[in-house]
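**Q** Okay, so the sequence shown: first residue is 1 according to this note's numbering, each after it adds one.
We put the CB at the ideal spot given by N, CA and C, even for glycine.
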Amino acid sequence: MITQELNGPRFQRDGYIVLRRVLDTALLAEVKAAIATMLEPLVGPVEYEADVGYPGSPAARSAQGGDTPRRLLHAYARAQSLRDLALHPAVTAQIAEIFGTPEHDLRLSQCHHNCVMTKYPGHSSATLWHQDIRYWSFDSPDLVSAWFALGDERERNGALRVIPGSHRLELDRGRLDRDLFLRPELDLNRALIDSARSVELAQGDVLLFSSRLFHAAGKNMSAAVKLTPVFTFHHVDNSPIPGTRSALLPSIAVWHREGPAP
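(1) Rounded to the nearest angstrom, how far is the Cβ of S211 from that of G158, given a contact under 8 Å?
(2) With DSSP as the reference, please indicate the residues paired to S57 in a beta bridge.
(3) In the DSSP output, what is V18 paired with across the bridge?
(4) What's the C-alpha gap between D24 and T92?
(5) Please return the same chain residues whose Cβ sits closer than 7 Å to the Cβ of L82, not counting the five positions on each side in sequence.
(6) On the CB-based measure, 16 or more other CB atoms within 10 Å of its CB, does G259 come out buried or exposed?
(7) What residue does the alpha helix (DSSP H) around L188 start on, and which one ends it?
(8) Taking the C-alpha atoms as reference points, what is the distance between Y120 and L188?
(9) Do you know offhand how far L39's Cα is from V116's?
(10) Within its chain, find whatever has a CB closer than 6 Å to the CB of A79; leave out the 5 residues flanking it on each side and keep chain order.
(11) Could you tell me the distance, in whole angstroms, from the CA atom of P45 to the CA atom of L73?
(12) CA-CA distance, T244 and F138?
(13) Take P160 and list the residues in its own chain whose beta-carbon comes closer than 6 Å to its own, dropping the five residues that flank it on each side.
(14) Taking just the CA atoms, how far does D152 sit from D177?
(15) Since I believe I252 is in contact with Q110 (beta carbons under 8 Å), could you give me their beta-carbon distance rounded to a whole number of angstroms?
(16) Bridge partners of Y48, per DSSP?
(17) Assign H167 to buried or exposed, taking buried as 16 or more other Cβ atoms, counted over all protein chains shown, within 10 Å of its Cβ.
(18) Taking just the CA atoms, how far does P9 sit from D67?
Here you go:
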């Protein structure tokens, strides 16, 4: 059983926790089948490898590999199985405990991440060290993302790497580049990066991590596509700032079908 005594303090210390074997095989099969229908043929909206501008990304969609999908966007609205995954009771209960709030006070953002990461072999790019909150505009930077492993995730196929405890750091702006990635050439950053861990996941595991945690990922060097749904949660009192990308779509109230909607 997942308990706050075990995971709450660990999350506060490290900025992430892994929930092992949370997803059952039936739900995994439903989600994989639904995603397959979105990839062949490809159903938008989609972000392509050429759009992200990461190391190894094709320069344009017209370039070789440029039309390789990187993310299937608006995942929550795409299929019931993805909605069931996003609001999995064991996951939302743990996120509520991290926030120290009832589950009905949780909100799922439709603006961040709300996607299926589609890391293809051959044309997948590496993601540099960054914090997700750099893209987002909320009253508070306290958001938690849930990363669902539909298959095994290892360094070879681009598993996430994290810097434990980095969610508690206040870094000078000069330690980040123009796009707010860590500058690896700086000695202070090099020491920080050297403390990183690879978060290897088995099918059915769920990684929860803070929006302030520095993380990165390598290329997919395997022969199979790696598919990873990712959803982000915030407290009802932590509002997106009006007029920003974070406020483009309303957040979803967390509730479960066996109970009434709040």
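**A** According to the structure shown:
(1) About 20 Å separates the two Cβ atoms, so there is no contact after all.
(2) Partner(s): none; S57 has no beta bridge.
(3) L207
(4) 16 Å
(5) V31, A34, A75, Y76 and P229
(6) Residue placement at G259 is flagged as unreliable, the pLDDT there being 46, under the threshold of 50; a coordinate-derived value is accordingly withheld.
(7) D187 to I193
(8) 33 Å
(9) 11 Å
(10) A34
(11) 5 Å
(12) Each residue's alpha carbon lies about 9 Å from the other.
(13) Correcting the residue identity first, residue 160 is Leu in this sequence and not Pro. Only V199, H215 and A217 meet the Cβ criterion.
(14) Rounded to the nearest angstrom, the two C-alpha atoms are 32 Å apart.
(15) 6 Å
(16) P69
(17) buried
(18) 42 Å
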